Amino acid sequence: MSTPTTRLPLMLTAVAISTANFMNILDTTIAVVSLPAISGSLGATPSQGAWVLTSYAVCLAIMLPLSGSVIKRYGQIKTFTVAIVLFTLTSCLCGMASNFESLIFFRALQGLSSGLIVPLSQTVLLRIFPPQQHGFALGLWALTSGVAPVLGPIIGGYITDTIGWPWIFYMNVPVGAFCAWVIWTSLKHDETETKKEPIDVVGMLLLAVVVLLAQLVMDKGHELDWLGSPEIRLMLNIAVIGFIAFVVWERREPHPIVDYTLLKIPSFVICSIIAAIFYISYYTTTVLYPMWMQSVLGYTATWAGLAMAGTSLVPIFGMLIVGKHLAKLNLRHLMVIGSGFIAYGIYLQALCTVETTFSSMFYARVIMGIGFGFMFPPLMALSLIGVPPEKTPSAAGFFNFFRMFSSSLGIAIGITVWQNRTIFHRQNLVENLSPLEAGKDTAFQPLLELAGDNEAVMWAMVERLSTLQASTLALSDTFIYCALAYIPVVLLTPFIPKRLPQPPSTEQVAIANNDKELVPNND
505 MSTPTTRLPL
515 MLTAVAISTA
525 NFMNILDTTI
535 AVVSLPAISG
545 SLGATPSQGA
555 WVLTSYAVCL
565 AIMLPLSGSV
575 IKRYGQIKTF
585 TVAIVLFTLT
595 SCLCGMASNF
605 ESLIFFRALQ
615 GLSSGLIVPL
625 SQTVLLRIFP
635 PQQHGFALGL
645 WALTSGVAPV
655 LGPIIGGYIT
665 DTIGWPWIFY
675 MNVPVGAFCA
685 WVIWTSLKHD
695 ETETKKEPID
705 VVGMLLLAVV
715 VLLAQLVMDK
725 GHELDWLGSP
735 EIRLMLNIAV
745 IGFIAFVVWE
755 RREPHPIVDY
765 TLLKIPSFVI
775 CSIIAAIFYI
785 SYYTTTVLYP
795 MWMQSVLGYT
805 ATWAGLAMAG
815 TSLVPIFGML
825 IVGKHLAKLN
835 LRHLMVIGSG
845 FIAYGIYLQA
855 LCTVETTFSS
865 MFYARVIMGI
875 GFGFMFPPLM
885 ALSLIGVPPE
895 KTPSAAGFFN
905 FFRMFSSSLG
915 IAIGITVWQN
925 RTIFHRQNLV
935 ENLSPLEAGK
945 DTAFQPLLEL
955 AGDNEAVMWA
965 MVERLSTLQA
975 STLALSDTFI
985 YCALAYIPVV
995 LLTPFIPKRL
1005 PQPPSTEQVA
1015 IANNDKELVP
1025 NND
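Just so we're aligned, residue 505 is where the sequence shown starts under our numbering, counting upward by one.
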């Protein structure tokens, strides 16, 4: 592929591609601290508000396995440009949403377009630079990927507090229009060859049905009494039948979405399991913590975003340092150290009370971020170790699908556990709030004086304090479960390779070539 002849067009194109990637990743975290505002504005419950995140993540995950076939059929540049345009359009529609249902629908469409931007941003960026500058290209891509999660909560909180949550979506419109125009203008004459490969439409539909219904069961189960609800039972039965049909169909399909032979590669399977635990725990803590800050501590969206930024500030530098020396380090040690830091950071968050300070919360997220810096580089490097080159695209698509689906699953599981434990703790607290017991009347006296000797006001205050305390205790329980989830990660580390495979040295290559020359030619 030819590259722009002058430095300005090349750098301008690189900036546009990197900005598109930045915009895409930013939207995975920018709405985290805005969920209370979105839920309150559109009349949704806090648990329903989490669908703003899960609908995006689920649809992004569904599109990832299909992205390879779409790119081959229509070409990289055309697909990339159209995906950015669709992402921009759906972002505008998200901001214009007048009710919660339409917002979720547009976020789902936004996730589908994002599933094409994710794999193409890195690929197209590498195409426009010569091989000797691929290190710079990857560094630029990694920088935007690392900065976006940091700025997401901060930008989202500031915009929500100053001009309103719709603008976290409107801001994508001028950015997306700029990126699409620059990329199409610069690269439309250098399109890749197209090839109309068969698309496994049936497998794609079955996968979409299974994933969407499984997510709905997790999201709505606690609201509809789980298996006591006919709706939940129906969705669960259809999901199970759809999964069985998907497995049977994929085994017979000549162009399957999922290559089952990948499940015979131990390192790939183990890394997929570890990645699932990592993303479930990460998104559980990332979504619940700012919701708790705003609902219990009274934080604004801006301050909640600043507290959450501690998680991502350290990994930007930590991953660069660890990644640079990854080939020389023991990967098992890195995974264990990283798991220990993450689990400890989550445990510190589990110690939260209604008197927890901003500095304590920020410190806990920094500790968690240090763990990411140790754990994430070896996890991503090991995910494709042992995978044959011809199966690498399929393995990367399946791994990313599993990763994104785990994130949406983590949000649903976290919300469910938090709400169930809140009900449990509130019942226990209320049982011990009877003023008729000996000595309890004196405990209520300060509240009664604060309420101006109005018992109705006093009991309203008791109700509010009980709910806040129960919510805090429930959050602690949920985070303890997340910390304990890293025990199996540590137990799995002995089964991953200690080090990355080393490329053959120059001497080994020379010896191999000499051996070939010594072999007699019988032709």
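C-beta: ideal position from N, C-alpha, C; glycine also. All figures in this text were calculated on a predicted structure; none of them were measured in a lab.
For the pair the segment 677–696 and the segment 828–839, tell me if three or more CB-CB distances fall below 8 Å. With contact defined as three or more Cβ pairs closer than 8 Å, the segment 677–696 and the segment 828–839 are not in contact.
N- and C-terminal bounds of the alpha helix (DSSP H) containing residue 545: If you number the sequence shown from 1, residue 545 lands on position 41. Run containing residue 545: 539–546, per the alpha helix (DSSP H) assignment.
Let me make sure I understand the geometry here. Which of 584, 552 and 606 has the alpha-carbon closest to that of residue 625? The residue you call residue 625 lines up with position 121 of the sequence shown. Closest option to residue 625, Cα to Cα, is 584.
Let me know the secondary structure DSSP gives residue 1003 once reduced to three states. Counting from one through the sequence shown, the residue named residue 1003 turns up at place 499. Note: residue 1003 maps to coil in three-state DSSP.
Quick one, which of 806, 717 and 835 has its alpha-carbon nearest residue 562's? Here residue 562 is taken as the residue at index 58 of the sequence shown, counted from 1. Closest option to residue 562, Cα to Cα, is 717.
Please classify residue 790: does DSSP put it in a helix, a strand, or coil? The residue labelled residue 790 in the question sits at position 286 within the sequence shown. Shown here, residue 790 sits in a helix according to DSSP, grouped into three states.
If I'm right that residue 838 touches residue 882 with Cβ under 8 Å, what's the distance once you round it to whole angstroms? One-based indexing of the sequence shown puts residue 838 at position 334. One-based indexing of the sequence shown puts residue 882 at position 378. Distance from residue 838 to residue 882 at the Cβ level is roughly 5 Å; contact confirmed, criterion being Cβ atoms closer than 8 Å.
With a CB to CB cut of under 7 Å and the five nearest residues on each side skipped, what residues in its chain are close to residue 725? Taking the first residue of the sequence shown as position 1, residue 725 is located at position 221. Spatial neighbours of residue 725 in its own chain (CB-CB distance under 7 Å, excluding positions within 5 residues in sequence) are listed in chain order as 736 and 920.
Nearest-angstrom Cβ-Cβ length linking residue 519 and residue 542, presumed shorter than 8 Å: The residue given as residue 519 occupies position 15 in the sequence shown. The residue given as residue 542 occupies position 38 in the sequence shown. Not confirmed; about 31 Å, so no contact.
Can you tell me which of 810, 905, 1005 and 743 puts its alpha carbon nearest to the alpha carbon of residue 885? Indexing the sequence shown from 1 puts residue 885 at position 381. Relative to residue 885, the option among 810, 905, 1005 and 743 whose CA is nearest is 1005.
Using only the alpha-carbon positions, how far apart do residue 525 and residue 614 sit? Taking the sequence shown and counting its residues from 1, the one referred to as residue 525 is at position 21. Taking the sequence shown and counting its residues from 1, the one referred to as residue 614 is at position 110. Distance between the alpha carbons of residue 525 and residue 614 is about 14 Å.
Please confirm if the segment 681–689 is in contact with the segment 573–590, defined as three or more CB-CB distances below 8 Å between the two stretches. A contact exists between the segment 681–689 and the segment 573–590.
Tell me the rounded alpha-carbon separation between residue 847 and residue 782. Here the question's residue 847 lines up with position 343 in the sequence shown. Here the question's residue 782 lines up with position 278 in the sequence shown. About 10 Å.
Rounded straight-line distance, which links the Cα of residue 554 to that of residue 566: In the sequence shown, residue 566 corresponds to position 62, counting from 1. In the sequence shown, residue 554 corresponds to position 50, counting from 1. So the two alpha carbons sit approximately 18 Å from each other.
Count the other C-beta atoms from every protein chain shown that fall within 10 angstroms of the C-beta of residue 504, then say buried if there are 16 or more, exposed otherwise. Lying outside 505 to 1027, the shown extent of the chain, residue 504 is not represented and no answer is given.
Every unbroken beta strand (DSSP E) within the segment 570–627, with a cutoff of 3 residues, ordered by chain: Runs found: none.
Give, in chain order, every unbroken run of the alpha helix (DSSP H) that is at least 4 residues long and sits entirely within the segment 860–944. DSSP assignment within the segment 860–944 yields the following whole alpha helix (DSSP H) runs of 4 residues or more, N-terminal first: 862–886 and 896–935.
May I have the straight-line CA-CA distance separating residue 983 from residue 517, to the nearest angstrom? If you number the sequence shown from 1, residue 983 lands on position 479. If you number the sequence shown from 1, residue 517 lands on position 13. The straight-line gap from Cα to Cα measures roughly 43 Å.
State the start and end residues of the unbroken alpha helix (DSSP H) segment that holds residue 735. Reading the sequence shown from its first residue, position 231 is the one you call residue 735. Run containing residue 735: 734–756, per the alpha helix (DSSP H) assignment.
Looking at residue 596 and residue 662, is the spacing between their C-beta atoms short of 8 Å? Start at 1 with the first residue of the sequence shown, and residue 662 comes out as number 158. Start at 1 with the first residue of the sequence shown, and residue 596 comes out as number 92. Contact: no.
State the DSSP-derived secondary structure class of residue 826, mapped to helix, strand or coil. Numbered from 1 along the sequence shown, position 322 holds the residue referred to as residue 826. Helix, per DSSP.
Go ahead and pull the three-state DSSP assignment for residue 563. Along the sequence shown, read from residue 1 onward, the residue named residue 563 stands at position 59. Residue state, collapsed to three classes: helix.
Would you mind working out which of 872, 766, 816 and 784 sits nearest residue 887, comparing C-alpha positions? As a first step, residue 887 is located in the sequence shown; it is residue number 383 there, counting from the start. Minimum Cα distance to residue 887 is reached at 766.
Name the two residues that bound the continuous alpha helix (DSSP H) containing residue 837. As a position in the sequence shown, residue 837 is number 333, starting the count at 1. First-last of the alpha helix (DSSP H) with residue 837: 835–854.
Segment contact flag, the segment 527–544 with the segment 637–657, C-beta cutoff 8 Å, min 3 pairs: Because the criterion of three Cβ pairs below 8 Å is met, the segment 527–544 and the segment 637–657 touch.
Tell me the rounded alpha-carbon separation between residue 529 and residue 649. As a first step, residue 529 is located in the sequence shown; it is residue number 25 there, counting from the start. As a first step, residue 649 is located in the sequence shown; it is residue number 145 there, counting from the start. Taking the straight line joining both Cα atoms gives about 7 Å.
What would DSSP say about residue 808, mapped onto helix, strand or coil? Residue numbering aside, residue 808 sits at position 304 when the sequence shown is read from its first letter. DSSP places residue 808 within a helical segment (H, G or I) once states are collapsed to three.
Alpha carbon to alpha carbon, how far is residue 754 from residue 704? Give it in angstroms, no decimals. Stepping through the sequence shown from its first residue, residue 704 is reached at position 200. Stepping through the sequence shown from its first residue, residue 754 is reached at position 250. Taking the straight line joining both Cα atoms gives about 9 Å.
Please go through the same chain and pick out, in chain order, the residues whose beta-carbon is closer than 8 Å to the beta-carbon of residue 763, but skip the five residues on each side of it. The residue labelled residue 763 in the question sits at position 259 within the sequence shown. Cβ neighbours of residue 763 beyond the five flanking positions: 895, 898, 899 and 902.
Tell me whether the beta-carbon of residue 772 lies closer than 8 Å to the beta-carbon of residue 710. If you number the sequence shown from 1, residue 772 lands on position 268. If you number the sequence shown from 1, residue 710 lands on position 206. Not closer than 8 Å, so no.
Coil, strand or helix - residue 759 by DSSP: Here residue 759 is taken as the residue at index 255 of the sequence shown, counted from 1. Under the three-state reduction of DSSP output, residue 759 falls in the coil class, being neither helix nor strand.
With 16 other CB atoms within 10 Å as the buried threshold, where does residue 821 fall? Here residue 821 refers to the residue found at position 317 of the sequence shown. Taking all protein chains shown into account, residue 821 has fewer than 16 neighbouring C-beta atoms within 10 Å of its C-beta and is therefore exposed.
Given a threshold of 16 other Cβ atoms within 10 Å of its Cβ, counted over all protein chains shown, does residue 741 qualify as buried or as exposed? As a first step, residue 741 must be located in the sequence shown, where it is residue number 237. A residue is called buried once 16 or more other Cβ atoms fall within 10 Å of its Cβ, and residue 741, having fewer, is exposed.
By Cβ distance below 8 Å, which residues in the same chain neighbour residue 915 in space, the five residues on each side in sequence not counted? Stepping through the sequence shown from its first residue, residue 915 is reached at position 411. Answer for residue 915: 554, 557, 558, 561, 787, 788 and 791, listed in chain order.
I think residue 849 touches residue 871, with their Cβ atoms under 8 Å apart; what is that distance to the nearest whole Å? One-based indexing of the sequence shown puts residue 849 at position 345. One-based indexing of the sequence shown puts residue 871 at position 367. Indeed, because the Cβ distance is near 4 Å, the residues count as touching under 8 Å.
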